[in-house]
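Chains as they are written, first to last, in the working numbering: chain A, 87 to 432; chain B, 87 to 432. The C-beta atom is built at its ideal place from N, Cα and C for all residues, glycine as well. Some notes on the structure that comes next.
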């Protein structure tokens with residue numbers, strides 16, 4: 087297990103542990119992605135899931151932003167939908183549509199047929215991608231693994247594609263509650279095995295993305311999302327630090343803070359002060375630059391990042407965006423974001 | 087002006103004024119809409135904007151939910167995009183796409199060409215629809231008029247269609263800030279004239295829908311959305327009560343509370359306790375049943391509505407959904423929602 091050997095730059099892990107740091111660490115959600123011209127060049131040659139499923143490609147894509155910017159963590163290139171794929175749901179990535187499932191899961195009988203896979207087999211390619219990436223990283227910075235929250239995965243399984251409000255997914259939960267819980271539990275069990283495998287292969291932390299948690303009321307969030315995220319945290323926290331990020335989940339921050347998660351990610355609607363007040367003094371926070379604000383001029387980005395660090399404070403804080411980086415962000419603007427942190431002085 | 091004659095049932099206006107009521111009033115956002123079979127029948131004969139622009143049709147659609155359910159307020163059938171239409175932007179409603187603008191507004195020169203219309207001419211059909219509706223309502227319940235927030239209108243003008251995150255609209259604001267402010271001010275000026283005209287024709291209250299305010303950080307919300315909503319409230323508040331609703335704008339509730347608005351609407355992510363704490367004791371609240379929760383069984387809806395009233399309290403509270411009613415909600419479920427309020431007893 088590579089986890090016992092600390093990387094040369096372990097600012098990210100120090101922040102997770104609440105240690106005093108010279109400056110906060112920085113990485114960007116979806117940094118291994120579409121805003122990089124070298125990624126788009128690869129995309130023309132291999133389709134989306136081929137890139138996820140080919141360890142050499144996934145490792146190479148993971149390294150792309152690391153070679154360009156002085157980032158303090160790498161995040162494995164993959165997709166949250168590899169988990170339901172491994173469970174037998176044949177997600178495709180369609181041009182101009184995004185994730186697509188030809189036969190969405192909308193009945194109790196369909197849910198009951200879903201089997202929990204042996205992740206070492208069906209998701210072995212992810213373990214291999216981690217092995218490859220760690221070789222390329224040469225222990226310079228930590229590698230983060232991730233998974234979608236069970237609720238967010240359910241959203242795609244039921245809806246069959248992206249959606250503004252995932253009303254079909256919600257309808258399924260509210261009308262076929264038992265089946266929904268059965269599906270959520272199957273996704274949870276698979277995700278726990280999956281993240282444990284990632285930890286065994288040497289990721290330094292795992293992040294859970296609850297991208298669509300904020301579609302739910304606080305009560306429904308507790309029932310259909312949080313309950314399952316909490317299971318994952320409890321199963322993983324002794325093995326590897328867990329970071330939990332819920333977009334639009336401002337109301338659940340106090341719960342996240344006492345969950346055993348090492349850090350809590352917030353989106354850009356949450357002020358640093360509200361975030362800190364919600365999670366208390368001890369928990370590490372991560373976020374929350376509006377990804378669309380990377381359209382601003384580099385000099386303005388720099389000022390906004392400095393102000394963000396001033397408000398969050400340098401310790402127990404990981405600089406990040408409030409959601410994934412957008413495809414049309416100029417590379418120099420992303421660079422300005424990272425540089426503003428690296429050059430930060432109290 | 088019909089406004090001086092109180093309707094027979096003025097629970098809604100009593101709640102807005104903070105008076106003690108026997109039970110809270112109830113209406114549903116988008117109640118004059120697609121979940122009603124009689125609306126769908128009309129839809130097959132007239133396209134969307136024909137329905138908005140034909141006073142008899144708009145009045146008839148406004149009355150549809152009133153004839154079915156014991157609602158405490160009617161809301162004029164219309165669309166927030168009639169305002170940019172009147173400003174020369176030729177929005178269409180496309181099947182399977184929604185709002186569509188062939189040539190989105192994405193340059194300063196295009197913004198400078200936009201003229202503020204004489205609303206009595208270009209939106210005279212709305213005034214006529216109000217006149218017709220008031221005749222049909224026979225003063226039984228109040229009629230609400232509405233407009234989109236300038237930011238929400240800008241989102242559609244720049245994006246040219248609906249979007250999950252309105253990144254193009256945000257990019258325009260962040261890179262062409264002067265032009266964006268010019269456009270927002272033009273929309274604001276038009277909206278003020280438009281809502282004043284509605285008040286002159288006898289609506290009892292106006293509601294501002296900031297459907298996409300929650301896409302912005304608190305700072306950007308202040309700059310690109312709230313500043314303009316505040317202008318509208320200040321221009322209208324002495325003439326007619328103003329209700330402000332911002333989806334995802336939980337962080338702006340304290341500002342809304344001291345704006346001069348008679349009521350503040352909240353979505354379902356905001357707990358009644360958080361909402362009350364944010365706005366203080368005096369301001370009327372409106373909301374916030376998750377529209378997707380109307381998929382639950384009628385008996386469960388009834389229980390959830392009772393619990394919601396218990397938590398919000400019966401006074402200074404208007405029962406509503408947290409956003410518009412969904413097209414596929416069974417009529418009997420909407421009925422259960424309304425009946426639960428009408429039959430409510432302390």
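Taking contact to mean at least 3 C-beta pairs separated by less than 8 Å, is the region 403 to 419 of chain A in contact with the region 289 to 297 of chain B?
no
Near-chain B residues of the region 259 to 272 of chain A (beta-carbon distance less than 9 Å), N- to C-terminal order
259, 260, 261
Going by CA-CA distance only, name the one from B:308, B:161, B:166, B:157 that's closest to residue 426 (chain B).
B:157
Please decide whether residue 312 (chain A) counts as near chain B, where near means a Cβ-Cβ distance under 7 Å.
With a threshold of 7 Å between beta carbons, residue 312 (chain A) makes no contact with chain B.
With a floor of 4 residues, list each alpha helix (DSSP H) that falls wholly inside the region 119 to 163 of chain B, ordered by position along the chain.
123 to 129, 134 to 139, 141 to 154
Between which two residues does the beta strand (DSSP E) harbouring residue 296 (chain A) extend?
291 to 296
Could you list the residues in the region 343 to 367 of chain B with a C-beta less than 8 Å from some C-beta on chain A, going in chain order?
354, 355, 356, 357, 360
What is the DSSP secondary structure of residue 413 (chain A), reduced to helix, strand or coil?
Shown here, residue 413 (chain A) sits in coil according to DSSP, grouped into three states, outside any helix or strand.
Let me know the beta strand (DSSP E) ranges lying completely inside the region 323 to 394 of chain A, each 3 residues or longer, listed in chain order.
328 to 332, 349 to 351, 370 to 375
List the endpoints of the continuous beta strand (DSSP E) containing residue 278 (chain B).
Boundaries for residue 278 (chain B): no beta strand (DSSP E) harbours it, while the alpha helix (DSSP H) harbouring it runs 263 to 286, taken from the DSSP string.
Rounded separation between residue 318 (chain B) and residue 93 (chain A) - CA only
Residue 318 (chain B) and residue 93 (chain A) have their C-alpha atoms some 56 Å from each other.
Candidates B:249, B:135, B:410: closest to residue 183 (chain B) by CA position
Checking every option, the nearest Cα to that of residue 183 (chain B) belongs to B:249.
Quick test of the definition: if touching needs 3 or more C-beta pairs under 8 Å, does the region 187 to 207 of chain B touch the region 138 to 152 of chain B?
no
Is it a yes or a no for the region 308 to 317 of chain A touching the region 232 to 243 of chain A, going by three-plus beta-carbon pairs under 8 Å?
yes
For residue 416 (chain B), would you say it is in contact with chain A, using Cβ-to-Cβ distances shorter than 7 Å as the test?
no
Mapping DSSP to helix, strand and coil, what is residue 248 (chain A)?
coil
Which of the three DSSP states, helix, strand or coil, is assigned to residue 169 (chain B)?
helix
Would you mind sorting residue 353 (chain B) into buried or exposed? The rule is 16 or more other CB atoms within 10 Å of its CB.
buried
Nearest neighbour of residue 116 (chain A), chosen from A:127, A:150, A:108 [CA to CA]:
A:150
Closer than 7 Å by C-beta to residue 277 (chain B): which residues in its own chain qualify, once you throw out the five before and the five after it? Chain order, please.
Taken in chain order, the residues that qualify are 169, 233, 236, 318.
Return the chain-ordered list of same chain residues with a C-beta closer than 6 Å to the C-beta of residue 245 (chain B), the five sequence neighbours on each side being excluded.
In chain order, 252, 254, 255 place their CB closer than 6 Å to the CB of residue 245 (chain B), counting only its own chain and leaving out the 5 sequence neighbours on each side.
Start and end of the beta strand (DSSP E) containing residue 178 (chain B)?
DSSP places residue 178 (chain B) inside the beta strand (DSSP E), whose first and last residues are 178 to 180.
Beta-carbon separation of residue 350 (chain A) and residue 326 (chain A) under 7 Å?
no
Taking Cβ positions only, does residue 141 (chain A) come closer than 7 Å to chain B?
no
Just the chain A side, please: which residues come within less than 9 Å of residue 444 (chain B) by C-beta, in chain order?
With chain B represented from 87 up to 432, any question about residue 444 (chain B) goes unanswered, as that position is not in the structure.
By the DSSP assignment, the beta strand (DSSP E) with residue 220 (chain A) in it spans what residues?
Under the DSSP assignment, residue 220 (chain A) falls outside any beta strand (DSSP E), being part of the alpha helix (DSSP H) whose first and last residues are 210 to 223.
Using DSSP's beta-bridge definition, name the partner residues of residue 112 (chain A).
A:405
Would a C-beta distance cut-off of 7 Å place residue 407 (chain B) and residue 358 (chain B) closer than the cut-off?
Taking 7 Å as the Cβ cut-off, residue 407 (chain B) and residue 358 (chain B) do not qualify as a contacting pair.
Pairwise C-alpha distance: residue 282 (chain B) and residue 174 (chain B):
C-alpha of residue 174 (chain B) to C-alpha of residue 282 (chain B): approximately 20 Å in a straight line.
Using only alpha-carbon positions, find the residue among B:339, B:401, B:348, B:372 that is nearest to residue 363 (chain B).
Comparing C-alpha distances from residue 363 (chain B) to each of B:339, B:401, B:348, B:372 shows the shortest one belongs to B:339.
Tell me whether the beta-carbon of residue 200 (chain B) lies closer than 7 Å to the beta-carbon of residue 247 (chain B).
no
Is the Cβ of residue 253 (chain A) closer than 7 Å to any Cβ of chain B?
yes
In three-state terms, what does DSSP make of residue 185 (chain A)?
strand
Applying the 10 Å Cβ sphere with the 16-neighbour rule, what's the burial state of residue 412 (chain A)?
buried
Listed by chain order, chain B residues near residue 193 (chain A) by CB distance under 9 Å
Within 9 Å Cβ-Cβ: nothing; residue 193 (chain A) doesn't reach chain B, min ~15 Å.
Distance CB(residue 373 (chain A))-CB(residue 343 (chain A)) smaller than 7 Å
It is not a contact, given that the beta carbons lie outside the stated cut-off.
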